[in-house]
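Only one structure is covered here, and it is reproduced in the block below.
Chains as they are written, first to last, in this note's numbering: chain A, 1 to 111; chain B, 112 to 223.
Printed below as a string of structure tokens:
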């Protein structure tokens, strides 16, 4: 079945440093969704990328979809303590309505 | 205020006991999902339903059962056959394909 790999599993940064998490697949991704889960909370949708090479920005967050649609990345510029949480990528693939989630990257920001 | 409501927030199960987790949504979404999350892990799909009176197994359906008698409701039963049920259970809904999933606050299930 489809597998979505996410790296790194953990990332510790000092406040103000940048952070990037990567999402990779051996098969072509149909569209990529990114979610954030705060500690003790539930996943919250951040953004969806559909087109090859697409780049979207949300304030300090930059999302990219690879040209071959086999990878995606989330970059946070100048992290803040409010960025703490787990970031997941997910892809629907060829399974209508069924998302395959990456294992997530747990971000810790030290003040 | 539209959303997904999961109850209870915390649940304890005795050995050999079945327990049912509630999930209700008022978003008028057709599709609903149940995920299991273990500490520090990603989300694994248990069951999903794209329409009333129909549901499909996900990746880890063994030891679980569901029903979808109403569009708004998608309860999950953790049966005694599930030998390691301690986890965080998340319910989600989605309007249609290629749309975001909306999650409830989750239920934490523990074994007594």
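We treat Cβ as the ideally placed atom computed from N, Cα and C, and that holds for glycine.
Per the Cβ contact rule, the region 49-56 of chain A is not in contact with the region 95-111 of chain A (fewer than 3 Cβ pairs under 8 Å). Residues of the region 63-84 of chain A with a C-beta atom less than 9 Å from some C-beta of chain B do not occur.
In chain order, 161 and 208 make up the part of chain B whose C-beta sits under 8 Å from the C-beta of residue 96 of chain A. Residue environment: residue 185 of chain B is assigned as buried (16 or more neighbouring CB atoms within 10 Å of its CB, all protein chains considered). Residue-level contact check: residue 142 of chain B touches chain A, since one or more beta carbons of chain A fall below 9 Å from its beta carbon. Under the three-state reduction of DSSP output, residue 170 of chain B falls in the coil class, being neither helix nor strand.
At a cut-off of 9 Å between beta-carbon atoms, residue 13 of chain A makes no contact with chain B.
For residue 156 of chain B, the enclosing beta strand (DSSP E) has its first and last residue at 154-162.
Residues of the region 128-156 of chain B with a Cβ closer than 9 Å to any Cβ of chain A, in chain order: 141, 142, 144, 146, 148, 151, 152, 153, 154, 155 and 156. A distance below 8 Å between beta-carbons, with the five flanking residues on each side excluded, links residue 102 of chain A to the following residues of its chain, in chain order: 4, 5, 6, 23, 88, 89 and 90.
Here the alpha carbon of residue 114 of chain B sits roughly 8 Å from the alpha carbon of residue 213 of chain B. Secondary structure at residue 149 of chain B: coil, using DSSP grouped into helix, strand and coil. With fewer than 16 other Cβ atoms inside 10 Å of its own Cβ, residue 59 of chain A counts as exposed.
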